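>
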């Protein structure tokens, strides 16, 4: 059912994104070329190529929400394109901020064209994401609804920068609490998923209050999704995730399970010393995993993840009533809960 | 008359900007603190201070346009705040892109808090500028008008990134034509002034077509303004501008008069060689100025500037009819034409 929906709508989402990011003036061809490169549509010489498309989870959730409240997903395509373009804008700037040199097995935009042009290309994608939302009005969406979608979108953009600010500031701090971490992913991950669902609901004509419940559904499954990601980064099956066992421990990534254990009165100090070793390597993994066990961090993260999924499903019932369990959004949440990569 | 208008409205513009950029959550205080620092409201320790306010030309033009088409400038305050915040966002990112370490005699945001946090603080100001425009709806501006203002604003943001792209790409090129330069300042300088005036007109209830004429007025005086700036950078009176004589020549700044002379069949090659000298200094100024004279570059720039002002005033007459010459916008354009700094 999910695959059918995705197969039906992905080409239209892609076409809408290409229309928004077109930029046909020769004088600024390189400006748009950088954006098209980041999207995976051209190579570094701006010749057409196509990378395997991503999952496009956010735009699909947007269209599903529109359909589930009785709207026509085609009308929500500009909003779907907007959330995917916005996500890609944030990746262009994140890559600069984190100094990441590769993405999807290719050099990042800043690595190829330098930081100044990459900042500016990201800014253009940011502005064009707003242009995408505004195209709702061209598909017959009333001005008041388009404006409501824009306000939801804008609030999310602000939240995204707050999350990114916290994420970067954590790197320079020795101690970060679990609550601080949850506040961070609320902005950095959950806000965008929440806005994707809420905007789809708005366009589909959700009753007042329902769009807010849809936003809470998206935010909650966004939080659950991130915590699950954190767990897969430590306990995921390397054969399935494609990453080394205990990958995030060796990278000292301050993800939820690790922060929980570091804040544990019993195991925290020892784990902190272990992670501080300059020669931290695969041989230290059994000891690190044992400390996470002693702190009960896996159980804690699992429980929190399940509670967020449950919160999300309850919000979906508030939005859709009896139809919730038969909805694509419900199925998607269930599918996300079971994922192993 | 202009001073009276400015004195009446500047405090309200400032208050609106402070409301938009408030950010009251303790966890992200430093994120908003960086923005407040850039705005000149706090020092680097986030303690209140107040730098002398800038001219605020763009937000004032926005409010004037609203008044001149019969609207209440108070209703346009969110749009006025938006264009000033957007202008400041672009300065935060420009400072990173250009590697500028000081602004208004203080260290720039990236210099104090690093490039990653500065990119992200700029992104937040970008998003909050859109939030500012959306506040029009809270002052009783109809949704359709607010949406029209948002589309004007978004198009301008895209144009701004195109202008910035061209400006940066010129630095790595040996030859740039005058037409390419004009295309660049169209995006980098004129688009924002055009949008400021057009948005004020829209909020004030400008007839269909009039808002477009107001935009052309703003764009034309924006182009004239930039060319005038370029001329002051070469021939301005150091006692008035506060900059050294021939400042932009010594900085090898590819401004309009210099590009005109470099593209001149007679003087171009010699000027090019002079500017390429590693020891270029004040002693070379007389020779450089003579070459600009030989190419007729000052007369060319003066003529172009005057033609853009005339184009702008004609557009203003198209927008306001007989009232144009009595309008604050006309007076402002005349005042800008006579400026010496």
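Residue numbers (my numbering), protein chains in the order written: chain H, 122 to 462; chain W, 122 to 462. In this text, a Cβ means the ideal position worked out from N, Cα and C, and glycines have one as well. Note that the structure is a prediction, hence the values are computed from the model and not measured.
#1: For residue 223 of chain H, which beta-bridge partners are listed by DSSP?
#2: For residue 240 of chain H, which residues in chain W fall below 7 angstroms Cβ to Cβ?
#3: Would you say residue 129 of chain H touches the ligand GTP, meaning its beta carbon is less than 7 angstroms from a heavy atom?
#4: Should the segment 217-227 of chain W be called in touch with the segment 191-203 of chain W, which here means at least 3 C-beta pairs below 8 angstroms?
#5: For residue 249 of chain H, return the contacting residues in chain W, with the cut-off set at a CB-CB distance below 7 angstroms.
#6: Residue 267 of chain W and residue 434 of chain H: beta carbons closer than 8 angstroms?
#7: Please confirm whether residue 271 of chain H has its beta-carbon closer than 8 angstroms to some beta-carbon of chain W.
#8: Against chain W, does residue 344 of chain H count as a neighbour if the rule is that its beta carbon must be under 8 angstroms from one of theirs?
#9: Could you give the uninterrupted runs of the alpha helix (DSSP H) lying entirely in the segment 197-284 of chain H, keeping only those of 4 residues or more?
#10: Would you tell me roughly how many angstroms separate the C-alpha atoms of residue 342 of chain W and residue 281 of chain W, rounded to the nearest one?
#11: Does the segment 413-425 of chain W come close enough to the segment 373-384 of chain W that 3 or more CB-CB pairs lie under 8 angstroms?
#12: Could you tell me how far apart the beta carbons of residue 284 of chain W and residue 314 of chain W are, in whole angstroms, since I believe they sit closer than 8 angstroms?
#13: I'd like to know if the segment 186-194 of chain W and the segment 316-327 of chain W are in contact, where contact means that at least 3 CB-CB pairs between them fall below 8 angstroms.
#14: With a threshold of 6 angstroms on Cβ separation, who are the neighbours of residue 352 of chain H within its own chain once the five nearest residues in sequence on each side are excluded?
#15: Given that residue 437 of chain H touches chain W, what residues does it touch there, using C-beta distances under 9 angstroms?
#16: Determine the DSSP secondary structure at residue 318 of chain H, reduced to helix, strand or coil.
#17: Which same chain residues, not among the five before or five after residue 291 of chain W, have their C-beta less than 8 angstroms away from its C-beta?
#18: I'd like the list of long-range same chain contacts for residue 316 of chain W, defined as Cβ closer than 8 angstroms, with 5 residues on each side in sequence excluded.
#19: State buried or exposed for residue 137 of chain H, treating a residue as buried only when at least 16 other CB atoms are found within 10 Å of its CB.
#20: Buried or exposed: where does residue 456 of chain W fall if 16 or more other Cβ atoms within 10 Å of its Cβ makes it buried?
#21: Could you work out which residues of chain H lie near residue 149 of chain W, taking near to mean beta carbons separated by less than 8 angstroms?
#22: How would you list, in chain order, the residues of chain W whose beta-carbon sits under 9 angstroms from the beta-carbon of residue 157 of chain H?
#23: Compare the Cα-Cα distances from residue 176 of chain W to each of W:319, W:356, W:231 and W:131 and report the closest residue.
#24: Please determine if the segment 144-163 of chain W and the segment 429-446 of chain H are in contact, where contact requires at least 3 C-beta pairs separated by less than 8 angstroms.
#25: Checking the sheet assignment: what are the DSSP bridge partners for residue 169 of chain W?
#26: Would you say residue 249 of chain W and residue 395 of chain W are within 8 angstroms of each other, going by their C-beta atoms?
#27: Is the CB-CB distance between residue 210 of chain H and residue 247 of chain H below 8 angstroms?
#28: If you draw a straight line from the alpha carbon of residue 372 of chain W to that of residue 240 of chain H, how long is it in whole angstroms?
#29: Give the interface partners of residue 265 of chain W over in chain H, defined as CB-CB distance under 7 angstroms, in chain order.
#30: If I measure Cβ to Cβ from residue 271 of chain W and keep anything under 6 angstroms in the same chain, skipping five residues before and after, which residues do I get?
#31: Leaving aside the five residues before and after residue 262 of chain H along the sequence, list all residues of the same chain whose C-beta is less than 7 angstroms from its C-beta, in chain order.
#32: Distance check for residue 222 of chain H and residue 462 of chain H, CA to CA, integer angstroms please.
#33: Is DSSP giving residue 427 of chain W helix, strand or coil here?
#34: Can the beta-carbon of residue 449 of chain W be found closer than 8 angstroms to that of residue 198 of chain W?
#35: From residue 191 of chain H to residue 153 of chain W, what does the alpha carbon distance come to, in whole angstroms?
#36: Starting from residue 381 of chain W, trace the alpha helix (DSSP H) in both directions and tell me its first and last residue.
According to the structure shown:
#1: H:228
#2: 214, 217, 218 and 240
#3: With respect to the ligand GTP, the structure offers nothing, as it holds no ligand at all.
#4: no
#5: 279
#6: no
#7: yes
#8: no
#9: 198-219, 230-234 and 236-255
#10: 16 angstroms
#11: yes
#12: About 12 angstroms; that fails the 8 angstroms criterion.
#13: yes
#14: 422
#15: The premise fails here: residue 437 of chain H is roughly 27 angstroms from chain W at the closest Cβ pair, so nothing lies under 9 angstroms.
#16: helix
#17: 297, 301, 302, 305 and 375
#18: 204, 273, 274, 276, 277, 336 and 339
#19: buried
#20: exposed
#21: 283, 286 and 287
#22: Chain W residues near residue 157 of chain H: none, gap ~14 angstroms exceeds 9 angstroms.
#23: W:131
#24: no
#25: W:163
#26: no
#27: yes
#28: 25 angstroms
#29: 264
#30: 254
#31: 196 and 324
#32: 23 angstroms
#33: helix
#34: no
#35: 40 angstroms
#36: 377-383
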